[in-house]
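Protein chains in written order, with full-length UniProt numbering: chain A, 1 to 1031; chain B, 1 to 95.
In structure tokens form, the structure reads like this:
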């Protein structure tokens, strides 16, 4: 097997990339949010379109060039590309109006982020990308962009730049800090012809030391608001007004009125204020500020319409809120209408199998500060069991109503090989066996349905019976012609369609106590399945391979389109439709139960989190509304089904910031390191170790750390010669006067009767950044050192950690993974090194290292020889141990084998998978690593075999030619490994998102690619679909 | 009673008129369709591929100053006819 020893990786998202923009439109006008576009409707605001952008978006601005009827969107990426996009409503396409590269060969990238602004009179686009430089992209009078040029900007520490409104010449206002740390604003006119600045109309020195944000005020008032931490100032050429505010850091603002007299301000603690500029005769007379209430901590605020505001958050779920005119009982004007999931920032996560079904779930430490939470992310659809009985050998199930107009089902008909039994809800809302006298109970039932006139239909191999649903008595029957038995049948309330041997097809109509044979035809072939229900989706099974399905999507036109084939296990499949929230879906019962549904005009299939299902029927009773009856493994279960979607996310709000998480199987608990901000007079943080029940997620025990003590790492492990399982916590004393912590602790806890009991503690000479179980001992990364501790039994029977050996030579050893005797260390700035523990000598030695200067953010061991790293320029890379090197020098060097720009800051890798791994499937053999990022992306990295990699790389390069980058941005450039020192093409990594988008292409585009690849479309679809099953 | 906050602006009274709060513990997870352009207009017109002028600021200033030095001379010789008479003798004396 090659698969476990190769550097070929495939990366694919599980959750949304945050750097997609979500687009929608109100008529032809864009409505801008920082990351999101929502569609406005009378009853909702929902994202409409997910637009992948090949870059990390640094700035996003809407503008309306002269003579245009529609707004354009300006996007600049962190890697110095920009584009101007236009939405073509007719074709629903994004069109690139302009693009370009705004990088300079020389220049120091700004510390405070990139700034991109557009003159309100559309004379130029201004960019501040490098210290001391202001880049201008001028517009000509037709709204076309011209060659860009740089202007020297004297201010080196720029905090914000905005264009002023109502100036005859384009004028910027610059908020900056001088070399004595004082903050000032200054204005400059941009002289486009001279390509230079001219001193502006005014300036203002010595502002609030926390001034950080400029808000330009539109006409008629004009001027600028300067938002500080303790004051807000209005400034213009002829007015200066200031008000004090409660100390806070304003993170976002949104303009309410077109005349710029009111603004919404969101602060670091999630408080929303309204800032009012009072004015008389277009003269500013003062400022007022009013607290409106609390929201998620805002990164962006957009007033939409009719008092509805979008709060975009990178620290918690984004929200749609309504501003009421009167306060509620708590004095808040804010009402949350809707919230939108955001998993970011994912600081840590673990992969667990809580339901013990052989399928991983990810539990993340998500959000920050008061919006901190745990999120349980699970793939597939869950069944919430409500009742179950033991029943062997079920061959079919149908639910029936006791009268035609009853909204609920009463009976559940369960068919066995040689009998049919009836279950019904009794008065105590329990399921008990009953009888429908008119039914044939000594044979297998082929089909059942309720019918008009309070009747029930039962089809068996010999006859169709009509029974009263009220008296349950026999009314009439239709018998199959002698010598022929009924093979398949279907029915609705008024019709029965059945097929017998010999290809006979019979159509009956149901009357009041009457079954009338209306039509009888003979077909050339045997009939294997029938349906007469109204359909959206038609599913046709391959007769020669029961385990696969051909999907045919039937659209309104009656055309059959979108044929797809997917494997759904190895056993025969039965298909049934059911409704959930008024939408019809298909349940495929098999050894890999699946729900098939349509979304965005695509057929999707989602695993059901059950091992094997032989039959399913909807059972909507008064006691168990919207439930399903499911026959599995000798059991009949009644349960409700989750919302029909691929990914399920459960939120456990903590109200504090969780930073590390760990699961302990034996005690069925989670332990987290968290911190809580006390928003009292002095901003203080308290750090905790908290124990949570792994089912209820309730706090069951808490250990408070010392003042200034941070929880840095957490581990569940056991030691040699000790059967107990412990939680080990590594901490650091973070003192304001120290650059690096010089003191920390390792705390060893045991869970006893649901409580955290401190067993022992060990002081360390620095921050314990990482803890690993290692050969029955404890391996800790403490500042520059890797330290191994033995678990020693004292004379009094208690245990202690005793230092055994260590290894110096790191800047800061932040991330550690181990495998056997090997230790892989991710350093603050010295990339990855490989250490080995020598048992005989009791020593740790360096074996090899990567000599690149990567600043690491996470490491993981893919296999014995290949190690995966993520670094702070949003790149991934793999290195290989070179045991066969000829010289010591070669053996001591970790060879870089893979490089890739992920565009996301990875905080953690963990081995595991979110999907059920079936030993029979090819995908089941592919090792995977899950990652979590600051933007809240959860993704998977899969190791591919060489042959697979070569094939998919070819597919990827063909897809690049067909799927174009929005804004003309290049996929190849986007994925190239990039840091301050070098930019090189991605190697040995493939972009799973791009590859899987093959399945979204039109048939003609698929044909185009298949032709270029020299394989059939079917083969390509099959191979790509297999990959989608990795996540 | 009017609110002390004042009225909120309305662009289209229809928008959000029927929006009711949803369960906050059940955030919206609706994933929109992903956009994969296959059309040819992802590339802009050729004259709208923008770059920064190659000349750096120092050189630009240098040339500009050089031009400025030239310009008054030309202006003086070509346009300032009235001054011509009074400048001429000084020029001649300086030679």
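All residues carry an ideal CB built from backbone N, CA and C; glycine is no exception. Note that the structure is predicted; figures quoted are calculated from it, not measured.
Check                                                                                                                                                                                 : Outcome
Leaving out the 5 sequence neighbours to the left and right, which residues in its chain are closer than 6 Å to residue 332 (chain A) when beta-carbon positions are compared?        : 293
Report yes or no: is there a C-beta of chain A within less than 8 Å of the C-beta of residue 62 (chain B)?                                                                            : no
Taking the C-alpha atoms as reference points, what is the distance between residue 760 (chain A) and residue 796 (chain A)?                                                           : 13 Å
List the DSSP bridge partners of residue 280 (chain A).                                                                                                                               : A:283
Out of A:356, A:491, A:495, A:487, state which residue places its alpha-carbon closest to the alpha-carbon of residue 502 (chain A).                                                  : A:487
If I'm right that residue 98 (chain A) touches residue 83 (chain A) with Cβ under 8 Å, what's the distance once you round it to whole angstroms?                                      : 7 Å
Look at the alpha carbon of residue 273 (chain A) and the alpha carbon of residue 1023 (chain A), and state the distance between them as a whole number of angstroms.                 : 53 Å
Could you tell me which chain B residues have their CB closer than 8 Å to the CB of residue 966 (chain A), listed as they occur along the chain?                                      : 35, 37, 42
With 9 Å as the C-beta to C-beta threshold (strictly closer), list the residues of the stretch 132 to 143 of chain A near chain B in chain order.                                     : 133, 135, 137
If you run the structure through DSSP and keep just helix, strand and coil, what is residue 359 (chain A)?                                                                            : coil
Could you please give me the residues that DSSP links to residue 803 (chain A) through a beta bridge?                                                                                 : A:789
Figure out for me which residue from A:65, A:605, A:213 has the closest Cα to the Cα of residue 589 (chain A).                                                                        : A:605
I'd like to check one pair, residue 812 (chain A) with residue 783 (chain A): are the Cβ atoms closer than 8 Å?                                                                       : yes
Buried or exposed: which applies to residue 749 (chain A), given that a residue is buried once 16 or more other Cβ atoms fall within 10 Å of its Cβ?                                  : buried
At the level of alpha carbons, what is the spacing between residue 727 (chain A) and residue 834 (chain A)?                                                                           : 26 Å
With DSSP collapsed to three states, give me the class of residue 762 (chain A).                                                                                                      : strand
Would a check of beta-carbon distances place residue 505 (chain A) closer than 8 Å to chain B?                                                                                        : no
Do residue 754 (chain A) and residue 689 (chain A) have their C-beta atoms closer together than 8 Å?                                                                                  : no
How about residue 381 (chain A) and residue 174 (chain A): are their beta carbons less than 8 Å apart?                                                                                : no
From A:490, A:461, A:416, pick the residue whose C-alpha is nearest to that of residue 449 (chain A); which is it?                                                                    : A:490
With DSSP as the reference, please indicate the residues paired to residue 177 (chain A) in a beta bridge.                                                                            : A:157, A:183
Taking only beta-carbon atoms, is residue 5 (chain B) less than 8 Å away from chain A?                                                                                                : yes
What does the alpha-carbon distance come out to for the pair residue 268 (chain A) and residue 218 (chain A)?                                                                         : 26 Å
Throw me the rounded Cβ distance for the residue 655 (chain A) and residue 370 (chain A) pair, which I believe falls under 8 Å.                                                       : 6 Å
With 7 Å as the limit, tell me which residues of the stretch 282 to 294 of chain A have their beta carbon closer than that to any beta carbon of chain B; keep them in chain order.   : 290
Using a C-beta to C-beta distance shorter than 8 Å, which residues of chain B count as neighbours of residue 937 (chain A)?                                                           : Here the premise fails: no neighbours, minimum Cβ distance about 13 Å.
If you reduce the DSSP assignment to three classes, tell me which class residue 573 (chain A) lands in.                                                                               : coil
Counting C-beta neighbours from all protein chains within 10 Å, is the total for residue 631 (chain A) 16 or more, i.e. buried, or is it exposed?                                     : buried
Alpha carbon to alpha carbon, what distance is there between residue 464 (chain A) and residue 543 (chain A)?                                                                         : Annotation note: pLDDT 38 at residue 543 (chain A) (below 50); position unreliable, coordinate value reported separately. Approximately 27 Å, taken between the alpha carbons.
What are the start and end residues of the beta strand (DSSP E) that includes residue 939 (chain A)?                                                                                  : 938 to 943
Indicate whether at least one CB of chain B lies closer than 8 Å to the CB of residue 148 (chain A).                                                                                  : yes
Do you know offhand how far residue 240 (chain A)'s Cα is from residue 262 (chain A)'s?                                                                                               : 17 Å
Tell me, to the nearest whole angstrom, how far the beta carbon of residue 807 (chain A) is from that of residue 860 (chain A); I am working on the premise that it is less than 8 Å. : Not really, about 20 Å apart at Cβ, beyond 8 Å.
Pick from A:965, A:853, A:999: whose alpha carbon is nearest that of residue 982 (chain A)?                                                                                           : A:853
Roughly how many whole angstroms lie between the Cα atoms of residue 904 (chain A) and residue 933 (chain A)?                                                                         : 6 Å
Can you list, in chain order, the residues of its chain whose CB lies under 6 Å from that of residue 879 (chain A), leaving out five sequence neighbours each side?                   : 832, 850, 867, 894, 896
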